[in-house]
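S.K.: Residue numbers (our numbering), protein chains in the order written: chain W, 1 to 135; chain R, 136 to 256.
Idealized CB from N, CA, C, for every residue including glycine.
Shown next, in the form of structure tokens:
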């Protein structure tokens with residue numbers, strides 16, 4: 001594993017954490033919006049591509065992506081809502097707010113850690129240039 | 136020039152181009168409909184590998200090939216994904232680290248040549 005691939009690893013980490021943050025914010029944002037009957041709301045999740053080997057999984061060509069999955073429904077009785085169905089039930093996506101909030105915080109911290117790792121590696125790489133330059 | 140100097144020069148040009156592309160992407164990040172640009176260094180990397188492997192490659196030949204290897208390698212990416220700023224800043228930083236390493240190597244090399252000419256430290 002050379003220096004370039006460690007840089008690529010940090011870059012992958014940053015992108016992945018940003019997507020996790022995006023997914024969690026999206027899920028929190030739609031938590032209280034009623035879904036229309038035909039189309040259930042979709043929850044986002046960030047996934048890393050599956051590939052054999054650590055190097056290939058986080059290398060230059062691997063890109064994390066967001067996938068959407070149908071959310072479980074939560075039915076609320078509210079006949080006055082325009083989105084209510086025949087029986088007066090409104091369906092909301094079932095979002096685990098505790099999970100999403102902790103993902104939000106966790107992703108933010110992990111993002112910072114990745115930035116720190118990148119900076120450390122960069123200053124190491126630049127310091128290695130000073131080897132042997134008699135001072 | 137000799138082979139190593141030409142190889143380092145090609146490397147420097149690659150790092151510069153990388154930084155240029157990243158800067159252009161950052162500058163245009165908020166332009167509607169802008170698609171991130173990418174540089175494809177396949178040809179240049181192949182050239183460097185060839186210089187390493189093949190004994191027939193010398194400095195002049197590498198200089199000649201390197202002058203065209205970096206033409207037209209920048210193109211807009213296919214994906215309609217918006218520019219992600221952290222990615223671009225990271226590209227910029229990586230390119231800068233690369234550039235600094237290569238310039239240091241180059242100056243060490245020239246110092247060695249100077250030493251050989253002067254004959255003393």
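Check the Cβ of residue 72 of chain W against every Cβ in chain R and list those closer than 8 Å, keeping chain order.
M.R.: Your numbering for residue 72 of chain W matches position 72 in the first chain. Ordered by position in chain R, no residue passes the 8 Å Cβ test against residue 72 of chain W, which lies about 29 Å from the chain.
S.K.: So the beta strand (DSSP E) residue 189 of chain R belongs to, where does it begin and stop?
M.R.: Residue 189 of chain R sits at position 54 when you count from the first residue of the second chain. Residue 189 of chain R -> no beta strand (DSSP E), and no H or E assigned at all.
S.K.: Mind listing which residues of the segment 97 to 119 of chain W have their C-beta closer than 8 Å to chain R's C-betas, in chain order?
M.R.: Within the segment 97 to 119 of chain W, the residues whose Cβ lies closer than 8 Å to some Cβ of chain R are 118, listed in chain order.
S.K.: Below 7 Å CB to CB, which residues in the same chain sit around residue 70 of chain W once its five sequence neighbours on both sides are set aside?
M.R.: By one-based count along the first chain, residue 70 of chain W stands at place 70. Hits under 7 Å: 40 and 42.
S.K.: Please compile the residues from chain R whose C-beta is within a distance smaller than 8 Å of the C-beta of residue 22 of chain W.
M.R.: For the purposes of this step, residue 22 of chain W is taken as the residue at position 22 of the first chain. None at all; the shortest Cβ gap to chain R is about 10 Å.
S.K.: Whole angstroms is fine: what's the gap from residue 30 of chain W's alpha carbon to residue 24 of chain W's?
M.R.: Mapped onto the first chain, residue 30 of chain W falls at position 30. Mapped onto the first chain, residue 24 of chain W falls at position 24. Looking at the two C-alpha atoms, the distance is approximately 10 Å.
S.K.: Locate the alpha helix (DSSP H) running through residue 98 of chain W, then write down its first and last residues.
M.R.: If you number the first chain from 1, residue 98 of chain W lands on position 98. First-last of the alpha helix (DSSP H) with residue 98 of chain W: 97 to 127.
S.K.: List the residues of chain B whose Cβ lies closer than 9 Å to the Cβ of residue 16 of chain W, in chain order.
M.R.: The question asks about chain B, but that chain is absent: this structure's protein chains are W and R.
S.K.: Does residue 241 of chain R come within less than 9 Å of chain W when only Cβ atoms are used?
M.R.: On the second chain, position 106 is the one that residue 241 of chain R refers to. No, no contact with chain W.
S.K.: Along chain R, in chain order, which residues have C-beta atoms closer than 9 Å to that of residue 11 of chain W?
M.R.: Taking the first residue of the first chain as 1, we reach residue 11 of chain W at position 11. Residues of chain R passing the Cβ test: 221, 222, 225, 226 and 229.
S.K.: Please state whether DSSP places residue 42 of chain W in a helix, a strand or coil.
M.R.: The residue given as residue 42 of chain W occupies position 42 in the first chain. Note: residue 42 of chain W maps to strand in three-state DSSP.
S.K.: Considering only the alpha carbon of each residue, which of R/218, R/179 and R/183 lies closest to residue 135 of chain R?
M.R.: The structure shown does not extend to residue 135 of chain R, since chain R is modelled only from 136 through 256, so no value can be given for it.
S.K.: Below 7 Å CB to CB, which residues in the same chain sit around residue 226 of chain R once its five sequence neighbours on both sides are set aside?
M.R.: Taking the first residue of the second chain as position 1, residue 226 of chain R is located at position 91. Within the same chain, residue 226 of chain R has close Cβ partners 153 and 157.
S.K.: Given that a residue counts as buried once 16 or more other Cβ atoms are within 10 Å of its Cβ, and exposed if not, what is residue 91 of chain W?
M.R.: Here residue 91 of chain W refers to the residue found at position 91 when the first chain is read from its first residue. Result: buried.
S.K.: From the DSSP output, in three-state form, read off residue 205 of chain R for me.
M.R.: Position 70 of the second chain, counted from the first residue, corresponds to residue 205 of chain R. Correct three-state label for residue 205 of chain R: coil.
S.K.: Which term fits residue 248 of chain R, buried or exposed, when burial requires 16 or more other beta carbons within 10 angstroms of its beta carbon?
M.R.: Against the second chain, residue 248 of chain R aligns to sequence position 113. With fewer than 16 Cβ atoms within 10 Å of its Cβ, residue 248 of chain R is classed as exposed.
S.K.: Three or more beta-carbon pairs under 8 Å between the segment 161 to 175 of chain R and the segment 101 to 121 of chain W, yes or no?
M.R.: The answer is no - the segment 101 to 121 of chain W does not touch the segment 161 to 175 of chain R, with fewer than three Cβ pairs under 8 Å.
S.K.: Within 10 angstroms of the Cβ of residue 35 of chain W, are there 16 or more other Cβ atoms? Answer buried if so, exposed if not.
M.R.: One-based indexing of the first chain puts residue 35 of chain W at position 35. Per the 10 Å Cβ criterion, buried.
S.K.: Output yes if chain R places a C-beta closer than 9 Å to the C-beta of residue 81 of chain W; else output no.
M.R.: Counting from 1 along the first chain, the entry for residue 81 of chain W is found at position 81. No, residue 81 of chain W does not count as interfacial toward chain R.
S.K.: Cα separation between residue 16 of chain W and residue 209 of chain R?
M.R.: As a first step, residue 16 of chain W is located in the first chain; it is residue number 16 there, counting from the start. As a first step, residue 209 of chain R is located in the second chain; it is residue number 74 there, counting from the start. Cα to Cα, residue 16 of chain W sits roughly 26 Å from residue 209 of chain R.
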